[in-house]
Every structure is written in C-alpha cells, then in structure tokens.
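Student: Numbering (the numbering used here), first residue to last: 6 to 130.
#1: Pairing CB atoms from the stretch 13-26 with CB atoms from the stretch 56-75, are three or more of them under 8 angstroms?
#2: I need the straight-line Cα distance from residue 113 to residue 87, nearest angstrom please.
#3: Please classify residue 111: is it buried, with 16 or more other beta-carbons within 10 angstroms of its beta-carbon, or exposed?
#4: Quick one: complete alpha helix (DSSP H) runs, 4+ long, within the stretch 74-123?
#5: Let me confirm a value: residue 16 is counted as buried when at least 16 other C-beta atoms fall within 10 Å, else exposed. Which label applies?
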C-alpha cells in the first residue's frame, strides 16, 4: 500500500517478518511497532525517555511514549502515512541500538555502569 506522497506502508505480514529478522524484541500491536524497556527506577526511565526524545527530534519522527516509574513503552507509526513505514523501522533500530548499548561489554575506554544495584540502569534484553 502507498500513501499519496509515495511513502510506502507495510502490511502486517511484512512488518512481522521484518521485526523477526531485524528487531526481535519489538512487536507489532494496534498498528504500531512497540517495544517495552524495563528500567531500575525513575532516574533511569527519564534518561531513556530523553535519549529517545533526542533521536526522535533529530530524525523529525516522533513516537508515542508511555512512561512509568520502571519503564518506557515506545510506539512507532507514521501518522502522516497512516501506517508503519521505513522511517519507523529506522528509528526503532536507532532506539534499540542506543538503549541496549552496553559499553562494558565491548571493551575500550567505557566500562559501563557498576555492578552495584545503586547504579543499576536498564534491564537489558
């Protein structure tokens, strides 16, 4: 299906196949690409929201966010195209890359957050 401006929207079957191949932690629900990120508390939740906000503003493509004390639900859909487009997949990949980044696992100068529960951040996975 295409929109008037030529921006292609994907069918539910295409979306499910792409999510399985590219973004296995994301789901297709109610016309949106969705992902729940669990955090260890409000401070971490706000950091995730601000990071997603930065990416969304830079991409000029804005998700719906449900923010709670211990997590963030991200919902992506191109409102102007009335469906899921390549922009939604691209932003989902950037969000996933940023939020799931674990610097302590890649070596180099960044050690990641300490293994102390007082400094816990994202519940990875």
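We treat Cβ as the ideally placed atom computed from N, Cα and C, and that holds for glycine.
Tutor: Result, derived from the coordinates:
#1: Remark: fewer than three beta-carbon pairs, one from each stretch, lie closer than 8 angstroms, so the stretch 13-26 and the stretch 56-75 are not flagged as touching.
#2: As a working mapping, residue 113 is identified with position 108 in the chain shown. As a working mapping, residue 87 is identified with position 82 in the chain shown. Each residue's Cα considered, the two are about 43 angstroms apart.
#3: Locating residue 111 in the chain shown gives position 106, where the first residue counts as 1. Looking at its Cβ environment, which holds fewer than 16 other Cβ atoms inside 10 Å, residue 111 is exposed.
#4: Those alpha helix (DSSP H) runs which fall completely within the stretch 74-123 and span 4+ residues are 91-104.
#5: Residue 16 sits at position 11 when you count from the first residue of the chain shown. Exposed, by the Cβ-count rule.
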